Amino acid sequence: MEKSIFGIFTLIMLIACLVFGTKSLKQKKYALAIVFYLNALSNLVNCIHAFSGII
1070 MEKSIFGIFT
1080 LIMLIACLVF
1090 GTKSLKQKKY
1100 ALAIVFYLNA
1110 LSNLVNCIHA
1120 FSGII
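Written as structure tokens, this is what we have:
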């Protein structure tokens, strides 16, 4: 149960980071966009691990 809740939370954070990264690119704040996209990648990995039961 906790793993699926953690997976859903990281999925929400993944979507938020993608949205904010896209907004940062449109405002030409490239360093901030890179940080958001790296965080989104990390959240993607955590989400996959949570749903597959590795964490």
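The opening position of the sequence shown corresponds to residue 1070 in the working numbering, with each subsequent residue numbered one higher. For every residue, glycine included, the Cβ atom is placed at its ideal position computed from N, Cα and C. Please read these numbers as outputs of a predicted model, since none were measured by experiment.
Residue i and residue j closer than 8 angstroms at C-beta
| i | j | result |
| --- | --- | --- |
| G1090 | A1119 | no |
| A1109 | L1087 | yes |
| L1094 | N1112 | no |
Nearest candidate by alpha-carbon position, reference residue i, set the options
| i | options | result |
| --- | --- | --- |
| A1085 | K1098, Q1096, Y1099 and L1107 | L1107 |
| F1105 | V1114, N1115 and K1092 | K1092 |
| F1078 | G1122, S1121 and N1115 | N1115 |
Residues near residue i in its chain [Cβ-Cβ closer than 8 angstroms; skip 5 each side]
| i | result |
| --- | --- |
| K1072 | A1119, F1120, G1122 and I1124 |
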